[in-house]
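Peer 1: In the working numbering, the protein residues as written are -16 to 84.
Where a beta carbon is used, it is the ideal one built from N, C-alpha and C, also for glycine.
Please find one structure pasted underneath; my questions will follow.
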């Protein structure tokens, strides 16, 4: 996403840590305030509070199968919020990525 004051970029990287190892995937986000000339952290853009946790829980329930969603209770989602990524899409929606192992 880009406008005159803001740039949001995502990177999806696939890699193997050793020969024959299972491929791993990394998803990173970079958000940049073009007017201020600085990168923005997730904490600069999002309040990590109960309302966000509830919204993420609802997203997990609606976007995953019940079996998979059961692996992501509130405690797992809350722990993932510490290193989450936020990004903006061209259609105006906001994406929120949580690390999963």
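Please work out which residues of its chain come closer than 6 Å, Cβ to Cβ, to residue 23, disregarding the five sequence neighbours upstream and downstream, and give them in chain order.
Peer 2: Numbered from its first residue, the chain shown carries residue 23 at position 40. So the list reads 14 and 16, once near-sequence residues are dropped.
Peer 1: Report, in whole angstroms, the separation of the C-beta atoms of residue 29 and residue 35, which I expect to be a contact under 8 Å.
Peer 2: Here residue 29 is taken as the residue at index 46 of the chain shown, counted from 1. Here residue 35 is taken as the residue at index 52 of the chain shown, counted from 1. Between residue 35 and residue 29 the Cβ distance is about 7 Å, and since that is below 8 Å, they are a contact.
Peer 1: May I ask you to list the residues that DSSP assigns as paired with residue -16?
Peer 2: Within the chain shown, numbered from 1, the residue matching residue -16 stands at position 1. Beta-bridge pairing links residue -16 to no other residue.
Peer 1: Following the continuous alpha helix (DSSP H) through residue 57, name the residue where it begins and the one where it ends.
Peer 2: Numbered from its first residue, the chain shown carries residue 57 at position 74. Element bounds for residue 57: 57 to 63.
Peer 1: Let me know the secondary structure DSSP gives residue -5 once reduced to three states.
Peer 2: The residue labelled residue -5 in the question sits at position 12 within the chain shown. In the structure shown, residue -5 sits in a strand (DSSP, three-state: E or B).
Peer 1: In angstroms, rounded to a whole number, what distance separates the CA positions of residue 79 and residue 19?
Peer 2: Position 96 of the chain shown, counted from the start, is the residue given in the question as residue 79. Position 36 of the chain shown, counted from the start, is the residue given in the question as residue 19. Approximately 23 Å, taken between the alpha carbons.
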